[in-house]
Each structure stands twice: as C-alpha cells, then as structure tokens.
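Here the structure comes first, spelled out in structure tokens, and everything after it is commentary.
Residue numbers (our numbering), protein chains in the order written: chain W, 91 to 520; chain H, 91 to 520.
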C-alpha cells in the first residue's frame with residue numbers, strides 16, 4: 091500500500107491507509123490510547139482501541155519521536171482536531187527514539203524556548219518543531235520564483251569557485267586553506283568571477299553559492315559562511331536597470347511564496363521607492379537620528395529609514411542609491427557629473443540591508459586609476475584587471491542575501507534561524 | 091532605442107536597430123568595410139559604406155574583440171550569411187581591446203587549438219568562442235529540468251555548509267582551513283547533512299553546491315572543487331525507489347535541454363537498464379575485459395560495460411547495483427538476505443560514472459556495528475551517530491556530478507571544459 095501524507099487524509103475518510111511519521115505526543119487513558127503522528131505535511135490523531143490487542147500492548151513501549159508506520163482506518167471524529175482520526179490496525183516501529191530527548195520537540199505551553207546555542211547543537215531536533223517547518227519550504231519557493239524570473243529573462247547560470255589563489259576584493263577577513271604545497275583562500279564574494287562572465291560575453295548570468303567571511307562578528311545578521319545570490323548583466327544603461335531587474339526578481343519570488351506556500355505575505359509592486367544616500371541622511375536628521383558614518387548607514391539608521399519609507403510610501407523595501415566613493419569598492423562606476431558619487435545602491439527590507447549593487451567600471455584605464463587611488467595593490471589584482479584589457483561590455487549587478495530576506499519575511503530573530511546549519515566564530519557543528 | 095539581440099534581427103529587415111557586441115572579424119576592402127559583430131545570441135555582418143564618413147574612418151582604429159554599439163539599418167543581402175546585414179549609421183566603442191590577444195578567439199580554419207592550460211589561463215577569452223557558447227546554457231537548462239522534477243515531487247531545497255569541524259566520511263583527502271584559533275575542513279560531500287535533514291523530518295530534500303576533494307588526481311574527470319547535485323528521501327522501500335526518482339529527474343533535465351536549447355539529444359526513457367555488479371563482471375569477463383578490482387569497476391570496465399549496454403538495450407545510461415560492502419562506506423544499508431552486499435548503485439552515462447546512491451542504514455545499533463567493523467573512529471563520528479538516536483526514518487539518496495553529464499552530453503574532452511572555472515592541483519586562477 092502506498093503511503094498517504096497526513097495533509098491528504100481528509101479526502102480518505104472511510105478508507106484504509108498507510109501513514110508514517112514521528113510520534114509527536116502519547117496520551118494513555120488506560121482503556122483507550124491516543125498518539126499524535128507528525129509527518130512533513132502535518133499531524134494527525136491516532137486512536138488505538140483495546141480490541142487491536144497487538145498495537146494496544148505495544149504503545150507502552152513507545153517513546154516520543156520514534157518513527158512509526160501505521161496501517162489504519164480513517165474515521166470521522168468530531169472531537170479530534172480536523173474532525174477525523176486514524177484508528178490503528180497495524181503498527182511498525184521504523185526507528186525507536188531514546189526515551190530522553192536532549193531538547194524538547196514539543197514545547198510546553200507558556201514555557202520558555204530552549205536557549206539558541208543548545209537548540210543549534212541539536213538542530214535536527216529543533217527543526218522538527220511544527221513552528222519551524224515552513225522556513226525551508228519558503229526559501230525553496232522564494233528561490234523558485236527568483237529562478238523563474240531569470241529563466242524568462244534569458245539568464246545563464248554559472249557556478250563560481252570557492253577556492254582562489256588570492257584574497258578577493260579587500261584582502262582582509264578571508265579564510266586561508268592549506269592547498270597541497272601552497273595556500274589558497276575562500277572566496278568572500280563571486281564578484282570578480284561574475285564580472286569575468288561579462289568579459290566572456292555571457293551578458294546575463296546568475297548564480298547561487300556559499301560565500302565566506304572570516305569576520306569575528308557576533309550580530310544577528312552575520313555568519314562566517316552563508317548562501318549568496320548574485321546576478322550580473324551587460325549592456326546596461328546604468329544602475330537603475332539593475333534595480334529594475336532586482337524588483338522583477340523579488341516580485342517573482344514573493345509571488346511564488348504566496349501562491350505555493352499560501353503564506354499571507356505582501357507581494358511588493360514595481361517600482362520600489364528609491365532615495366539617494368544624501369536624501370536619506372536628510373530625512374534621518376529630521377527624525378533626530380544621529381549619523382555615525384557620513385558615507386554609510388548604521389543599523390539604527392537602516393531601521394529608522396525603513397520606518398520612514400513604510401509610513402511615507404507603504405513599502406517594506408527601499409533602494410538607497412549613489413553612495414559616495416569612500417563607502418564603495420574601487421570597481422564601482424562613478425557619476426560623470428560628480429566623480430565623488432558611485433552608480434551604486436543598497437536595498438533595505440524591513441530595516442535590514444539585503445542587497446548591494448552597482449554599475450561596474452569596465453574601462454581598463456579608469457579602473458586602474460580608481461584602484462591606485464584606493465591604495466590597492468595592482469600586482470595582486472592582475473588577473474582581475476586582465477578581464478578588461480581585451481574588450482568588456484559595460485555591466486552591473488547585485489549580490490543578495492536570501493537568509494536575511496527569509497529572516498525578515500518570517501520574522502525570525504536572527505539569520506541563524508533562517509540557515510539550515512549556521513556557521514559562526516564559535517560554531518562548526520553539527 | 092532598445093538593443094536588439096542578433097538572433098532577433100531577421101524579423102527587423104527594413105528597420106533601424108541598435109545592436110551591441112564584440113568585433114568577431116574585420117574585413118577592409120578599401121572602398122567598403124565589413125565587420126562581424128558577435129553577441130550572446132550569434133554573429134551578424136555589418137557593412138560600412140564610404141558615405142557614412144565618420145564610421146568609415148573609425149574602422150581603421152578598431153581592434154578585434156573590442157566592444158561596439160552600432161546603430162544601423164537592417165537590409166536584405168543575399169551574399170551575407172543568413173541573407174541580411176546591418177548597414178552601420180553610427181558606431182560607439184564601448185570598450186577597446188588591446189591589439190594583441192593572448193589567445194585567439196577566432197581559431198584559424200584547420201589550425202590547431204591552443205593548448206588547454208593556456209586556454210584556461212585566459213578562460214574568459216576562450217569562452218567567447220562560438221563553439222563554447224552553449225556549455226552553460228545547456229547546464230542551465232539541465233538544472234532547470236532537474237528542479238522542475240523536484241518542485242513537482244514536493245522536495246525542499248537546503249544549502250549545507252562547506253565548513254565542518256571534522257573531516258567528512260573518510261577523513262582522507264580533505265582541505266584544512268585556518269578557522270580563527272582552530273582548524274576546520276572543507277566538506278567532501280553533503281552526505282551527513284542531507285541525512286540530518288531526514289532526521290529533521292524534511293522527508294525529501296535536494297541541494298546543489300560545491301564539494302571539495304584534496305586528491306592529487308590528474309585525470310579528465312577529477313577536480314579539487316566541483317558542483318554536486320544531491321537528493322535524499324525518507325520512507326523509501328529501498329534503493330530502487332531512489333533510482334526511479336533519479337530517472338525522472340534526468341528525463342526532466344534532458345527534455346528541458348532538448349526543448350529549450352533545441353539541441354539534438356536523445357531523451358532517455360524509463361526504466362533505465364539495471365544490472366548487479368556481479369552480473370556486470372560476468373558480461374565484462376565474456377568480453378575479455380580484465381577485472382582489476384573485484385568489488386568495483388575500473389574506468390576501462392565502465393567504458394566497456396556502457397558499450398555492451400548500448401548494444402544490448404540501446405541505452406546511454408546503466409545502473410550498476412548491489413556493490414559488496416568492501417566497495418561502500420559503512421552507512422550503506424545491507425541486504426537482509428546477504429549481508430555482504432549493499433543496497434547501493436552507481437549510474438554510468440556514456441562510459442563514465444555520474445552518480446553514486448544507496449539506501450542508508452538508519453538504525454543506530456546496526457549503524458554503529460557497521461562503523462566499528464569498518465574500523466571507523468566512533469568518537470569523531472559522534473555528531474553523525476546522534477542523528478539516529480532520537481528517531482530517524484528509513485531513507486536513501488544519490489549524489490550526482492553535473493559537470494560529468496555535461497562533458498558527455500556535449501562530448502567535451504574533460505570536465506574542465508564543462509566547468510566555468512576549474513580548480514585542480516595546479517590551478518587556482520583565474
């Protein structure tokens with residue numbers, strides 16, 4: 091007999107079924123016993139009558155979180171959650187759990203949740219909680235929506251390497267790898283590689299993969315390894331083209347989450363509000379928020395700016411554009427009419443930065459000048475600079491942190507909760 | 091004016107267009123000049139008449155592979171490739187290439203191709219060749235098809251970390267990372283993590299990401315970092331369920347490549363031929379192929395077996411099943427009626443192994459016994475063993491090497507050609 095998922099039982103009342111799952115709860119009332127069984131799709135009440143002697147006697151040996159296969163009859167039962175239950179006829183223990191769980195899967199009502207460090211030590215038990223079961227289905231649907239946009243818009247997917255011979259971009263905060271007889275480094279960003287794809291004539295690429303940051307950060311939004319989404323496009327007119335594409339991408343993702351998961355979320359609409367950093371600073375000053383850095387936004391400023399925009403434009407998203415050169419890497423293109431400003435943007439979502447993007451400087455001589463001006467070591471940049479020597483189209487792109495989007499979308503307290511197996515300064519397990 | 095892709099020019103005869111791309115060829119006939127312009131979609135002939143003085147005079151300063159934007163008139167021209175050409179009216183150099191290219195983009199007819207090491211040093215120039223332009227579009231379409239299958243079958247996507255505190259699986263051939271004050275290792279496989287997802291109750295997961303092998307291998311099918319595709323499924327009846335899913339996944343991928351790229355490939359049909367290792371050895375012996383290893387297939391045996399199956403069943407794919415325990419890791423489930431054989435399989439495609447899969451042992455006590463028997467250090471396996479202590483459904487899955495599939499599908503000489511930026515013992519650049 092094929093297995094039926096718990097969510098599909100409702101349509102099978104009166105039939106015999108096979109279901110499988112974890113024991114979510116056991117209630118022994120002497121003459122009648124109840125189990126709650128949990129699979130990926132939900133939970134259901136199992137009733138075990140004395141008349142089914144073999145199953146009935148076996149219940150006393152069961153422990154919570156053991157995995158069962160149950161053959162039974164689906165029956166209407168007004169008092170059961172959902173209006174039906176499964177009367178067990180046969181039961182097989184597929185995997186017996188030890189009686190003492192290191193952390194509870196079913197939290198006591200009104201009780202305190204286990205401390206996060208402990209929960210992450212036992213991540214697979216923590217993720218069994220029904221309250222956490224939608225995190226990765228939502229991520230899956232979000233990415234599916236992203237990909238639908240990229241597919242329709244004719245993008246090519248590439249996978250860029252994590253192992254590089256020099257530190258990418260800044261040269262600080264990189265992990266060093268013992269690579270046979272020499273050293274390698276883990277990529278902090280696929281930035282250079284996706285620009286290389288532009289030089290290779292690929293015109294529109296997207297990618298997804300790990301990025302590594304050896305920062306000793308202890309915030310709710312930093313990890314040492316996280317999944318990054320990136321795209322890069324040639325023959326653009328400027329950074330506004332990239333923002334427009336990101337809008338389409340996000341709308342496609344949010345729409346898919348809403349439709350596929352049935353989550354009651356707001357799908358943003360195009361165009362998102364856009365504001366220059368200079369204007370943002372002005373609005374923040376009016377609200378009395380102190381500016382810690384002249385050229386960038388602090389976490390507090392990001393939060394407040396999002397509140398202002400939410401009130402003004404009723405949008406959860408806002409693009410902050412035209413950051414000054416001090417806040418941006420050497421390869422960002424500058425405005426022709428004001429060479430102190432870059433053709434760049436950040437995207438904020440519900441108070442947190444989720445994207446950085448820009449048009450890049452593709453002219454070899456200008457790029458070299460900008461690198462020298464920033465005090466970069468041109469020798470270590472040689473491979474990168476070479477991408478621009480033999481023809482390279484004008485291009486730009488963006489890097490997106492999906493875990494931060496999921497964190498805010500599901501109102502999780504930290505990116506760790508949005509990450510399958512988070513890695514930070516202290517954590518390399520499980 | 092919006093840019094028109096070269097592949098769409100045919101429908102615009104008689105109109106003015108804007109096109110952009112690399113200079114593929116220059117032909118100066120004195121009174122009339124021709125360029126060939128190349129974008130992501132194809133190449134087109136540009137004619138420059140003396141009457142367009144400004145453009146005409148500019149041509150002499152152009153070098154191959156420079157990037158141009160051209161405004162022009164699309165005109166029928168029987169002698170031009172495709173029956174039309176673009177008469178240039180305006181021209182803008184978006185990026186000037188240095189006149190000497192380190193490797194040619196347009197190979198001389200009948201000439202020898204540049205040596206691979208040199209081509210990989212200048213990978214972005216090598217990838218400009220029209221002959222290589224379909225590698226990543228094919229990969230994109232293949233993966234899109236895979237994902238379509240996973241989406242329909244209700245799989246959840248996860249991203250598993252590359253950084254781990256102990257060496258995964260075998261403990262040999264891993265890269266060591268300096269991780270703040272201690273050591274970390276790069277994951278050789280997401281195996282343990284995807285099994286953890288089963289223990290977390292996720293039931294059906296798929297993933298894609300880098301895997302790292304510190305093997306000093308110098309073959310046409312090994313890299314130190316490559317993209318792996320993985321999936322894992324709970325509540326299976328055995329390894330044949332996993333093979334059936336992989337068949338559906340591959341059919342969906344191949345179909346999408348055929349439909350989307352228009353490539354003339356054979357879409358496999360279900361079920362693929364299946365043969366036990368024992369039967370395979372017998373067939374090979376009949377063909378006079380020597381068996382180097384009793385418990386596994388050598389590259390030569392893989393090639394010959396595929397030839398035999400192609401002849402017998404007209405299939406490019408063949409599953410080889412039921413490897414003996416000597417050839418398989420401790421966590422593979424064994425046959426109840428013959429504990430020397432595992433519920434495992436490899437998938438061969440056109441002579442090369444592209445997948446390894448199995449049902450896993452999910453029973454804590456049995457798993458522990460098998461680990462001890464294999465001489466594993468249980469202490470370093472503690473995190474992994476814990477996945478099975480608190481209930482874990484029966485499960486199995488497979489790991490797939492997409493670059494090997496692409497290599498064979500497009501008849502490329504090595505996986506390096508199928509990889510955007512290959513990494514091997516000697517290569518960490520560009």
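Note that CB positions come from ideal geometry on N, CA and C, so glycine has one too.
| Item | Value |
| --- | --- |
| Close-in-space but distant-in-sequence residues of the same chain around residue 91 of chain W (CB under 8 Å, 5 per side omitted) | 106, 107, 108 and 161 |
| Sequence-distant residues of its chain with Cβ nearer than 8 Å to residue 373 of chain W (five each side left out) | 365, 395 and 398 |
| Within-7 Å CB hit, residue 396 of chain H to chain W | no |
| Contacts of residue 251 of chain H in chain W (Cβ-Cβ under 7 Å) | 315, 511 and 513 |
| Residue 129 of chain H classed as buried or exposed, judged by whether at least 16 other C-beta atoms fall within 10 angstroms | buried |
| Residue 497 of chain W - DSSP class collapsed to helix/strand/coil | helix |
| Residue of H:348, H:282 and H:277 minimising C-alpha distance to residue 233 of chain H | H:348 |
| Complete beta strand (DSSP E) runs within the stretch 431-497 of chain W (minimum length 3 residues, chain order) | 434-439, 442-449 and 485-490 |
| Beta-carbon proximity check, residue 174 of chain W vs residue 180 of chain W, cutoff 7 Å | no |
| Chain W contacts from the stretch 220-231 of chain H (Cβ-Cβ distance under 7 Å) | 226, 227, 229 and 230 |
| Opposing strand residues paired with residue 111 of chain H [DSSP bridges] | H:158 |
| Touching by the beta-carbon criterion (3+ pairs, under 8 Å), the stretch 241-260 of chain W and the stretch 184-199 of chain W | no |
| Bridge partners - residue 422 of chain W, DSSP secondary structure assignment | W:450 |
| DSSP three-state assignment for residue 413 of chain W, whether helix, strand or coil | coil |
| Partners in chain H for residue 187 of chain W, counting only beta-carbon separations shorter than 9 Å | 479, 480, 481 and 482 |
| Min CB distance residue 291 of chain W to chain H below 7 Å | yes |
| Chain W contact residues for residue 520 of chain H, given Cβ-Cβ distances below 7 Å | 286 and 473 |
| Minimum Cβ-Cβ distance from residue 266 of chain W to chain H less than 7 Å | yes |
| Near-chain W residues of the stretch 148-166 of chain H (beta-carbon distance less than 7 Å), N- to C-terminal order | 155, 156 and 157 |
| 8 Å CB neighbourhood of residue 485 of chain W in its chain, flanking five on each side removed | 285, 288, 322, 323, 324, 325, 326, 449, 450 and 452 |
| Spatial distance of residue 270 of chain W from residue 515 of chain H (CA atoms) | 7 Å |
| Any alpha helix (DSSP H) of 4 or more consecutive residues that is wholly inside the stretch 347-391 of chain W | 367-376 |
| For residue 321 of chain H, the first and last residue of its enclosing beta strand (DSSP E) | 315-324 |
| Spatial distance of residue 122 of chain H from residue 460 of chain W (CA atoms) | 40 Å |
| Where the alpha helix (DSSP H) through residue 145 of chain H begins and ends | 143-148 |
| Per-residue contacts from residue 248 of chain W into chain H (C-beta, under 7 Å) | 226 and 510 |
| Alpha carbon of residue 342 of chain W to alpha carbon of residue 332 of chain W, nearest angstrom | 15 Å |
| 7 Å Cβ shell around residue 164 of chain H - same chain, five flanking residues per side excluded | 99, 102, 103, 104, 105, 107, 174 and 176 |
| The stretch 306-313 of chain H in contact with the stretch 503-513 of chain H per 3-pair CB rule at 8 Å | yes |
| Where residue 169 of chain W falls, given that 16 or more other Cβ within 10 Å makes a residue buried | exposed |
| Residue range of the alpha helix (DSSP H) that includes residue 230 of chain W | 225-242 |
| CB contact check: residue 210 of chain W to chain H, cutoff 7 Å | no |
| Coil, strand or helix - residue 119 of chain H by DSSP | coil |
| Under the three-state DSSP convention, the category residue 274 of chain W falls into | strand |
| DSSP three-state assignment for residue 511 of chain H, whether helix, strand or coil | coil |
| Chain-ordered chain H contacts of residue 130 of chain W [CB-CB under 7 Å] | 291, 292 and 293 |
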